[in-house]
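In this note's numbering, the protein residues as written are 521 to 916. Notes follow the structure.
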């Protein structure tokens, strides 16, 4: 055990002096997480980068109905959901949207009068094909308001149909006011359950940590092949130490590198990005499980390579494929059908599921199955890889 520890510490000191190890282990994953959150996370309205839908409004009506719509937009603007600007005319709004503005809503002249008299009226929405989210929001707002007006008009028409009389222009305004002020028979109550919610800043921080730990452990796991390629394996074998200690030393270095990498990313992303990983005990459990899984998969893949460069290439390909399949860049747990089922062959999927439970506020016990699944991947693949690595040491 002492010999394995000595070899492991020697490798660890060597790797810590290697700038590329720090770049792969910390700088790149943290940078990618920050960039993904600033772009994708911002567009999705995640914490730390909310997305405001910009809408131009033209009110050619100036009546009560259009004022009600503007009040709705004011409330949404106060909640930082939309950003409203005023255009001088429909032509001005159309021109600005053509020049790149996300969307515009035009309320025509005499819209209030038409709505109160039950006459047809059209709200025009100009959309920018390059701004799909903003365009859909503007359309949804206009369509929702139009639907409310149609409901009021239908209520007024029902009164005259029920009476068997023709519409009376004198009575219509009063009926409209009564319909608008009535109490809905059916309402929707939104109840938010306990939990932290879905935070993309946290998701990307965790995803990049899980993804890159499969690269970080390569600096230790591939050490055996490097020793053989550099001709230093013979000197290790000539030393009065058990041959198993050579393999054990490389594993110690790989484990510490992976552990330090994820711990640093955990702390750094929490401080820099405001990521909330969840219960610290559960986080440590999943980090250890993730490092074990990464070591096992890398050891198995490297066992089929003849050189260190070849092993690094094989391990990188497998790490990328499993990372994409396991949902480190996008939440595959929300997918359905065949893809969701296949993604479970990647240890990344189990790790991400476990971390997602923690970020939702679940207890440590909830992530034990995910942690055990990741450890199982590491143990099974690692045992096979170590048996092949031991054979390489014995035949060196």
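Cβ atoms here follow ideal geometry from the backbone N, Cα and C, with glycine treated the same way.
Item to complete: Give the DSSP bridge partners of residue 576, in chain order.
Response: As a working note, residue 576 is residue 56 in the chain shown. Within the DSSP bridge table, the entry for residue 576 names 605 and 624 as partners.
Worksheet entry | Straight-line Cα distance separating residue 872 from residue 897 | In the chain shown, the residue the question calls residue 897 occupies position 377. In the chain shown, the residue the question calls residue 872 occupies position 352. Each residue's Cα considered, the two are about 14 Å apart.
Worksheet item: Smallest Cα separation from residue 835: which of 798, 768 and 905?
Response: Within the chain shown, the letter at position 315 stands for residue 835. Ranked by Cα distance from residue 835, the first of 798, 768 and 905 is 905.
Worksheet item: Below 8 Å between beta carbons: does that hold for residue 902 and residue 819?
Response: One-based indexing of the chain shown puts residue 902 at position 382. One-based indexing of the chain shown puts residue 819 at position 299. Yes, these two residues count as a Cβ contact at 8 Å.
Practice prompt. Give, in chain order, every unbroken run of the alpha helix (DSSP H) that is at least 4 residues long and sits entirely within the region 820-859.
Written response: Segments of the alpha helix (DSSP H) lying fully in the region 820-859: 828-846.
Worksheet item: Should the region 649-668 be called in touch with the region 586-594, which here means at least 3 C-beta pairs below 8 Å?
Response: Enough Cβ pairs lie closer than 8 Å, so yes.
Practice prompt. In the DSSP assignment, find the unbroken beta strand (DSSP E) run with residue 642 in it and report its ends.
Written response: For the purposes of this step, residue 642 is taken as residue 122 along the chain shown, with counting starting at 1. Counting along the chain, residue 642 falls outside any beta strand (DSSP E), and DSSP gives it neither H nor E.
Worksheet item: Do three or more CB pairs link the region 822-841 to the region 785-798 at distances below 8 Å?
Response: These segments do not touch.
Worksheet item: By a C-beta neighbour count over all protein chains shown, 10 Å radius and 16 as the cutoff for buried, is residue 705 buried or exposed?
Response: The residue you call residue 705 lines up with position 185 of the chain shown. Any reading at residue 705 must be qualified, since the residue scores a pLDDT of 47, below 50, and its modelled position is unreliable; the value itself is stated next. When all chains shown are included, residue 705 counts as exposed.
Worksheet item: Among 645, 807 and 849, which one has its Cα closest to the Cα of residue 559?
Response: Counted from its first residue, the chain shown places residue 559 at position 39. It is 849.
Worksheet item: With distances taken from CA atoms, which of 534, 879, 842 and 544 is nearest residue 720?
Response: Taking the first residue of the chain shown as position 1, residue 720 is located at position 200. Answer by Cα proximity: 879.
Worksheet item: Roughly how many whole angstroms lie between the Cα atoms of residue 633 and residue 657?
Response: The residue given as residue 633 occupies position 113 in the chain shown. The residue given as residue 657 occupies position 137 in the chain shown. Between residue 633 and residue 657, the C-alpha separation is close to 26 Å.
Worksheet item: Just how far apart, CA to CA, sit residue 800 and residue 586?
Response: Position 280 of the chain shown, counted from the first residue, corresponds to residue 800. Position 66 of the chain shown, counted from the first residue, corresponds to residue 586. Residue 800 and residue 586: Cα-Cα distance of roughly 52 Å.
Item to complete: Go through its chain and collect everything with a Cβ distance to residue 603's Cβ below 8 Å, but skip five positions before and after it.
Response: Numbered from its first residue, the chain shown carries residue 603 at position 83. So the list reads 572, 573, 574, 575 and 597, once near-sequence residues are dropped.
Discussion item. Using the three-state DSSP reduction, which class does residue 794 fall into: helix, strand or coil?
Written reply: In the chain shown, residue 794 corresponds to position 274, counting from 1. Residue state for residue 794 is assigned as coil, using DSSP reduced to three classes.
Worksheet item: Among residues of its own chain, excluding the 5 on either side of residue 843, which ones have a beta-carbon nearer than 6 Å to its beta-carbon?
Response: If you number the chain shown from 1, residue 843 lands on position 323. Excluding sequence neighbours, residue 843 sits near 731 and 868.
Worksheet item: Where does residue 582 land, buried or exposed, given buried means 16+ other C-beta within 10 angstroms?
Response: Sequence index remark: in the chain shown, residue 582 carries index 62 (1-based). Residue 582 counts as exposed, since fewer than 16 other C-beta atoms from the protein chains shown sit within 10 angstroms of its C-beta.
Worksheet item: Does DSSP classify residue 531 as helix, strand or coil?
Response: As a first step, residue 531 is located in the chain shown; it is residue number 11 there, counting from the start. Reduced to three states, the DSSP call for residue 531 is helix.
Worksheet item: If you compare alpha carbons, which of 636, 600 and 645 is closest to residue 618?
Response: In the chain shown, the residue the question calls residue 618 occupies position 98. The candidate whose alpha carbon is nearest that of residue 618 is 645.
Practice prompt. Alpha carbon to alpha carbon, how far is residue 821 from residue 876? Give it in angstroms, no decimals.
Written response: The residue given as residue 876 occupies position 356 in the chain shown. The residue given as residue 821 occupies position 301 in the chain shown. One C-alpha to the other measures close to 28 Å.
Worksheet item: So, using beta-carbon positions, are residue 807 and residue 895 closer together than 8 Å?
Response: Residue mapping note: residue 807 aligns to position 287 of the chain shown, counting from 1. Residue mapping note: residue 895 aligns to position 375 of the chain shown, counting from 1. Contact flag unset, no.
Practice prompt. Whole angstroms is fine: what's the gap from residue 540's alpha carbon to residue 815's?
Written response: Position 20 of the chain shown, counted from the first residue, corresponds to residue 540. Position 295 of the chain shown, counted from the first residue, corresponds to residue 815. Cα to Cα, residue 540 sits roughly 19 Å from residue 815.
Worksheet entry | Local Cβ density within 10 Å of residue 862, reported as buried at 16 or more and exposed below that | Here residue 862 refers to the residue found at position 342 of the chain shown. Here residue 862 is exposed. Its C-beta has fewer than 16 other C-beta atoms within 10 Å.
Discussion item. Going residue by residue through the region 535-561, where are the continuous alpha helix (DSSP H) segments of at least 4 residues, counting only ones entirely within it?
Written reply: Fully contained in the region 535-561 are the following alpha helix (DSSP H) runs of length 4 or more, in chain order: 539-542 and 548-556.
Item to complete: Report the three-state DSSP secondary structure of residue 630 (helix, strand or coil).
Response: Translated into positions along the chain shown, residue 630 becomes position 110. Taken through DSSP and simplified to helix, strand or coil, residue 630 comes out as coil.
Worksheet entry | Per-residue DSSP class, three states only, for residue 880 | By one-based count along the chain shown, residue 880 stands at place 360. Note: residue 880 maps to coil in three-state DSSP.
Worksheet item: How many angstroms separate the CA atom of residue 738 from the CA atom of residue 548?
Response: Looking up residue 738 in the chain shown gives position 218. Looking up residue 548 in the chain shown gives position 28. Those two C-alpha atoms are separated by around 16 Å.
Fill in: Beta-carbon proximity list for residue 601, same chain, < 6 Å, skipping 5 on both sides
Here residue 601 is taken as the residue at index 81 of the chain shown, counted from 1. Spatial neighbours of residue 601 in its own chain (CB-CB distance under 6 Å, excluding positions within 5 residues in sequence) are not present.
Worksheet entry | Helix, strand or coil at residue 649 according to DSSP, with G and I counted as helix | Counting from one through the chain shown, the residue named residue 649 turns up at place 129. Coil.
Worksheet item: Just reading off the alpha helix (DSSP H) that residue 597 is part of, what are its end residues?
Response: Locating residue 597 in the chain shown gives position 77, where the first residue counts as 1. 584-598 is the extent of the alpha helix (DSSP H) around residue 597.
Worksheet item: Can you tell me the Cα-Cα spacing of residue 637 and residue 627, whole angstroms?
Response: Against the chain shown, residue 637 aligns to sequence position 117. Against the chain shown, residue 627 aligns to sequence position 107. When only Cα atoms are considered, residue 637 and residue 627 end up about 17 Å apart.
Fill in: Among 881, 778 and 770, the one whose alpha carbon lies nearest that of residue 546
On the chain shown, residue 546 is found 26 positions in, with the first residue counted as 1. Closest option to residue 546, Cα to Cα, is 778.
Worksheet item: How long is the line joining the alpha carbons of residue 852 and residue 859, rounded to whole angstroms?
Response: Position 332 of the chain shown, counted from the first residue, corresponds to residue 852. Position 339 of the chain shown, counted from the first residue, corresponds to residue 859. The straight-line gap from Cα to Cα measures roughly 8 Å.
Fill in: Nearest-angstrom Cβ-Cβ length linking residue 908 and residue 823, presumed shorter than 8 Å
On the chain shown, position 388 is the one that residue 908 refers to. On the chain shown, position 303 is the one that residue 823 refers to. Indeed, because the Cβ distance is near 4 Å, the residues count as touching under 8 Å.
Fill in: Three-state secondary structure (DSSP) of residue 780
Counting from 1 along the chain shown, the entry for residue 780 is found at position 260. In the three-state reduction of the DSSP assignment, residue 780 falls in the helix class.
Worksheet entry | Rounded C-alpha distance that separates residue 891 from residue 605 | Taking the chain shown and counting its residues from 1, one reaches residue 891 at position 371. Taking the chain shown and counting its residues from 1, one reaches residue 605 at position 85. Taking C-alpha positions only, residue 891 is separated from residue 605 by approximately 51 Å.
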